[in-house]
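Chemist: Have a look at this one before I ask anything.
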Amino acid sequence: MSLQHQQQERSEHLEDTAFVLPFSALDRDLLALAGGKGANLGEMARAGFPVPPGFCVTTAAYELAAAGADLEETLTALAGTSAGDSSRLAALAQAARDSILRSPIPPEIAESICAAYQSLGNGETLAVSVRSSATAEDLPYASFAGQQETYLNIIGSEAVLDAVRRCWASLWTDRAVSYRATQGIDHRTVQLAVVVQRMVEAAVAGVLFTANPLTGRRRQAVIDANPGLGEAVVSGATNPDHFVVTTATGEIVERRLGDKRVIIKGSPGGGTVRTESLDGGDSACLSDDQVRALVALGARVESHYAAPQDIEWAIDPAGQIWLLQTRPITTLFPLPATAPTTDDALRVYFSFNVVQGVYRPFTPMGGSAFPLFASALAGAFGLTPRDPLSGPAGLVAEAASRLFLDVTAPLRSSFGRKFLIGAARVGETLSAGLFEQLTTDPRLSLV
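Be aware that the sequence shown starts at 240, since it is given in our numbering, and climbs by one per residue.
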């Protein structure tokens, strides 16, 4: 039996038996049952990362609740409505939300949620966050970020049930319905889980990228931090402190203090309160040790997932770091297989796509023709490959179906420099200047 089949059977078994599951029962393979947030929180908790305890109200619960809300007529109408009919889509989205909000939560689901909530607080009333976890959150071709709701500092069983119902309804916001229609996604196929998690009384919180999302550098981490709850950072309500750190050494290579004017904190009676501070820019809200501790923890998470991560975190008044969410950074351009693995190494890639004015990925035919061109170029250096159809070893690189020439070796030879600069002056004058600049880099000294 294949691993994929085993995972599917496990998910179907859990779906048949559980409306509520603790994080300890979840992992990244249960996306269909727990949604993106729930699956990743379970994965991190099971791997031993510091995740506040919680549970997931599964998509099985949503499916039963939605059936009781009698959405069939609305779903049929949505299927027959074009993406361009915004007013009709908005009216149907409102109808779906109203149906879910006025329908009582099925008793068996409500009992399971309340029992899990009471267990989470050991019988005491506990402040929790209640967050939507959609099954479509991590689709590679669509981004659903911010389309469903999050409710912070929810206190009491009835408030938790109400927040869960509102999360379910948020699957049918005007924005979410319009987006799915535009993307051609069947509304019947998207379901919602809900994550209920112990609320961290954050002294400071924010986001951590384990690779630099602006430059693409994989060995630099980026932190945005603000006093109070991280909602101020992720919503863009504040100008946070900004740190860029070399992952391997912990060196803080950039430190930019924000005014941190907006601070969001939990209210004693539940919910949040937003305040403004006029002196937040005088000092950093994280110490250097805390910055390095966050980067080190982020590196462990990245290693676990074998991919750069976008992490939400919080630090409580006792100094404990908590991880609240992780997801892959989807905006990084892929690296060629020959990319250097250390900061002191250097490889220079020349984009054949851009030179040819081809900004989209090569077709398979173009990808097959390019090695022939590279073989001819190598022949100019007296390095004609044995198989021109395969191209010269080490000269051709591919990333994201774009093709590159690895010109590192030519830049380390006198003849190669003359050839590259001379050829570029004829047809790519901007590149000629860049090649000349690269000849001054000590890592590309003549050999």
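All C-beta atoms in this analysis are idealised placements derived from N, C-alpha and C, irrespective of residue type, glycine included.
Considering glutamine 548, what are the terminal residues of the beta strand (DSSP E) in which it resides?
Modeler: 548-554
Chemist: Taking only the alpha-carbon atoms, compute the straight-line gap between arginine 341 and glycine 307 and give it to the nearest angstrom.
Modeler: 11 angstroms
Chemist: Report the three-state DSSP secondary structure of tyrosine 598 (helix, strand or coil).
Modeler: Taken through DSSP and simplified to helix, strand or coil, tyrosine 598 comes out as coil.
Chemist: Write down every uninterrupted run of the beta strand (DSSP E) in the region 581-655 whose length is 3 residues or greater and which is fully enclosed by it, in chain order.
Modeler: Segments of the beta strand (DSSP E) lying fully in the region 581-655: 588-590, 635-638 and 641-645.
Chemist: With DSSP as the reference, please indicate the residues paired to phenylalanine 294 in a beta bridge.
Modeler: BP columns for phenylalanine 294 point to Pro261 and Val435.
Chemist: Compute the distance between the beta-carbons of alanine 615 and proline 624, then report whether it is under 8 angstroms.
Modeler: no
Chemist: Nearest to aspartate 518 by CA position, among Ala273, Pro466 and Leu328, is which residue?
Modeler: Pro466
Chemist: Pick out whichever of Thr313, Ala264 and Ala305 has its Cα sitting closest to the Cα of glycine 293.
Modeler: Ala264
Chemist: Does phenylalanine 688 pass the burial test, meaning 16 or more other C-beta atoms within 10 Å, or should it be called exposed?
Modeler: As displayed, the chain neither begins before 240 nor continues past 686, which places residue 688 out of reach and without an answer.
Chemist: From proline 567 to serine 368, what does the alpha carbon distance come to, in whole angstroms?
Modeler: Roughly 22 angstroms between the two C-alpha positions.
Chemist: Take the Cβ of valine 686 as the centre, count every other Cβ of all protein chains shown within 10 Å, and call the residue buried at 16 or more, exposed below.
Modeler: exposed
Chemist: What does a CB cutoff of less than 7 angstroms around alanine 349 pick up in its chain, not counting 5 residues either side in sequence?
Modeler: Leu400
Chemist: Taking C-alpha atoms, which residue in Arg427, Gly362, Glu541 and Val443 lies nearest to arginine 192?
Modeler: Lying outside 240 to 686, the shown extent of the chain, residue 192 is not represented and no answer is given.
Chemist: Quick one: residues in its chain with C-beta nearer than 7 angstroms to the C-beta of glutamate 667, no 5 flanking neighbours on either side, listed in chain order?
Modeler: Val594
Chemist: Serine 372 lies in the beta strand (DSSP E); which residues open and close that run?
Modeler: 366-373
Chemist: For the alpha helix (DSSP H) containing glutamate 515, list its first residue and its last residue.
Modeler: Where glutamate 515 is concerned, there is no enclosing alpha helix (DSSP H), although the beta strand (DSSP E) around it starts and stops at 511-515.
Chemist: Rounded to the nearest angstrom, what separates leucine 563 and serine 684 at their Cα positions?
Modeler: 47 angstroms
Chemist: Name, in chain order, the residues that DSSP records as bridge partners for isoleucine 560.
Modeler: Ile554
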